[in-house]
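Numbering-wise (the UniProt record's numbering), the sequence shown opens with residue 1 and increments by one.
What follows is a short report on a single structure.
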Amino acid sequence: LDEALKLAEEAKERGEGLSIGLVGNAVDIHQAILEKGFKIDIITDQTSAHDPLNGYVPQGYSVEEAKVLREKDPKKYVELSQASMAKHVELMLEFQKRGAVAFDYGNNIRQVAFNNGVKNAFDFPGFVPAYI
């Protein structure tokens with residue numbers, strides 16, 4: 001993460017666009033970026049949150065661990081995915097509060113977050129209503 005943030009900062013200073021791939025859980029990465037105080041310009045969600053069983057990996061699970069849990073206890077998996085989605089949206093809202101433009105891409109993550117207690121989950125828009 002530190003290397004990715006360094007690359008992003010250097011590109012920003014040069015006025016250049018840069019795409020950085022980072023493997024990890026979005027909740028963990030977003031939380032770490034916030035804790036570091038790193039300022040971002042845009043935050044979006046590109047997960048397959050519309051499918052909490054097969055399209056989202058809950059916080060705290062590797063891809064391999066998630067596969068085992070998905071097969072062993074799909075109900076628990078969905079519950080953990082939805083709880084992670086709620087935290088994911090809370091973190092996106094915090095980025096927005098700190099000045100980032102936030103939006104999702106119509107994958108239902110805001111509704112899942114709302115259903116799991118994030119009452120202001122719709123404080124950022126979906127991409128299509130906002131930009132199309």
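Backbone N, C-alpha and C define an ideal beta-carbon position, used for all residues, glycine too.
Here the structure is a predicted model, which means the values were calculated and not measured.
Item: Which first and last residues belong to the alpha helix (DSSP H) in which Val101 is found?; Value: Where Val101 is concerned, there is no enclosing alpha helix (DSSP H), although the beta strand (DSSP E) it sits in stretches over Val101 to Asp104.
Item: I'd like the list of long-range same chain contacts for Phe122, defined as Cβ closer than 8 Å, with 5 residues on each side in sequence excluded.; Value: Arg110 and Phe114
Item: In the DSSP assignment, what residue or residues form a beta bridge with Thr44?; Value: Phe103
Item: At the level of alpha carbons, what is the spacing between Tyr105 and Thr47?; Value: 9 Å
Item: From Ile33 to Lys87, what does the alpha carbon distance come to, in whole angstroms?; Value: 14 Å
Item: Might you give, ordered along the chain, the residues of its own chain that have their beta carbon closer than 8 Å to the beta carbon of Gly117, omitting 5 neighbours on each side?; Value: Ala86
Item: Give me the Cβ distance between Val57 and Asn25, rounded to the nearest whole Å; I'm assuming they're in contact under 8 Å.; Value: 6 Å
Item: Quick check on the DSSP output: what are the complete beta strand (DSSP E) runs of length 3 or more inside the UniProt domain "Urocanase Rossmann-like" (1-131), in order along the chain?; Value: 42-45 and 101-104
Item: Would you mind stating whether Gln31 and Leu91 have Cβ atoms separated by less than 8 Å?; Value: yes
Item: Out of Asn54, Gly17, Glu35 and Pro52, state which residue places its alpha-carbon closest to the alpha-carbon of Asp41.; Value: Gly17
Item: Below 7 Å CB to CB, which residues in the same chain sit around Glu94 once its five sequence neighbours on both sides are set aside?; Value: Leu34
Item: Hey, Leu1 and Ile29: beta-carbon distance below 8 Å or not?; Value: yes
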